[in-house]
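**Q** Take a look at this one; I'll ask things after.
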Amino acid sequence: MLKNRQKILILSGPSGSGKSTLYATLKEHIPDLYFSISTTTRQPRKGEQHGREYYFCNQQEFEDGIKKNLFLEWAKVHNNYYGTSKDLVEKALKSGKLVLFDVDIQGHKNIKLHYPNAKSIFITTPNDAILQERLNARASDTKEIIDARLKHAYEEMRHIDEFDYLIINHHIQNSKEQILSIVKSLECAAFDPEEIFKSWKTL
Ligand code: 5GP
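Sequential numbering of the sequence shown, starting at 11, is according to the numbering used here.
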């Protein structure tokens with residue numbers, strides 16, 4: 011029973027849509043949150059730290075991980091590998107934490123296959139011009155990278171109806187309130203009846 015009531019939230023959406031800011035809001039307000047740190051072969055951006063945003067590794071190490079079946083799911087995004095480690099997620103779920111994933115649309119599909127009760131949010135901007143502006147504002151990426159991310163965003167947008175919720179991140183304060191409400195509702199959905207019955211002597 012508890013297995014179907016695990017608290018799992020998947021965030022997806024184009025790079026630059028504001029997922030990291032919304033994640034920071036959750037971190038600030040939600041105790042017992044476990045953010046699944048992915049492993050990637052992409053280069054760290056300025057300010058990113060190994061073991062905080064990602065576990066950074068090379069292609070050979072990643073491919074060894076695939077062979078050893080260490081990943082719950084993995085995908086190639088923008089020519090780099092990204093993957094979610096199985097063990098850490100299972101451990102966090104067993105301890106009753108809310109597990110949060112930031113993955114692309116392929117990761118969303120695969121995590122939902124693995125955990126059918128997981129809920130998901132697609133986060134995007136009101137239009138492509140705003141997304142481009144936000145990507146341009148990230149000084150760390152070259153024009154080629156920005157173009158590739160924008161192209162990928164168009165593909166991702168075609169999948170929005172596969173998600174449980176959509177946040178159009180125009181006004182950040184509003185988006186923060188929306189994501190907090192979604193997480194609050196997950197807390198009421200994830201309960202263990204056996205645990206509840208223990209407090210009801212005659213049940
Ligand atoms: P970025 O390079 O901007 O951090 O991430 C690029 C894309 O890879 C984003 O859409 C992000 O959600 C996705 N991503 C990050 N980690 C994973 C992962 O473990 N699995 C999958 N499938 N996608 C991931």
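Glycine included, C-beta positions come from ideal geometry on N, C-alpha and C.
#1: The ligand 5GP and Asp-114: does the residue's C-beta get closer than 7 angstroms to at least one heavy atom of that ligand?
#2: Fully enclosed by the segment 129-175, which beta strand (DSSP E) runs are 3 residues long or longer?
#3: Relative to the C-alpha of Ile-131, which candidate in His-162, Ser-150, Lys-186 and Asn-137 has its C-alpha closest?
#4: Determine the extent of the alpha helix (DSSP H) in which Tyr-33 is found, giving its start and end residues.
#5: Kindly indicate which residue of Ser-195, Glu-172, Lys-208 and Asp-138 has the alpha-carbon position closest to the one of Gly-26.
#6: Taking 7 angstroms as the cut-off, is the C-beta of Tyr-92 nearer than that to any heavy atom in the ligand 5GP?
#7: Note down, one range per segment and in chain order, each alpha helix (DSSP H) of at least 4 residues found wholly within the segment 32-87.
#8: Return the residue from the list Thr-50, Thr-134, Leu-190 and Arg-62 that minimises the CA-CA distance to Glu-73.
#9: Assign His-118 to buried or exposed, taking buried as 16 or more other Cβ atoms, counted over all protein chains shown, within 10 Å of its Cβ.
**A** In terms of the structure at hand:
#1: Taking the first residue of the sequence shown as position 1, residue 114 is located at position 104. For the ligand 5GP, at least one heavy atom lies less than 7 angstroms from the Cβ of Asp-114.
#2: 129-134
#3: In the sequence shown, counting from the first residue as 1, residue 131 sits at position 121. Closest option to Ile-131, Cα to Cα, is Lys-186.
#4: What you label residue 33 is simply residue 23 of the sequence shown in a count that begins at 1. Run containing Tyr-33: 29-39, per the alpha helix (DSSP H) assignment.
#5: Taking the sequence shown and counting its residues from 1, the one referred to as residue 26 is at position 16. Answer by Cα proximity: Asp-138.
#6: The sequence position of residue 92 within the sequence shown is 82, counting from 1. Answer for Tyr-92: yes, Cβ within range of the ligand 5GP.
#7: 69-77
#8: The count along the sequence shown starts at 1 and reaches residue 73 at position 63. Closest option to Glu-73, Cα to Cα, is Thr-50.
#9: To locate residue 118, count along the sequence shown from 1; it is residue 108. So His-118 counts as buried.
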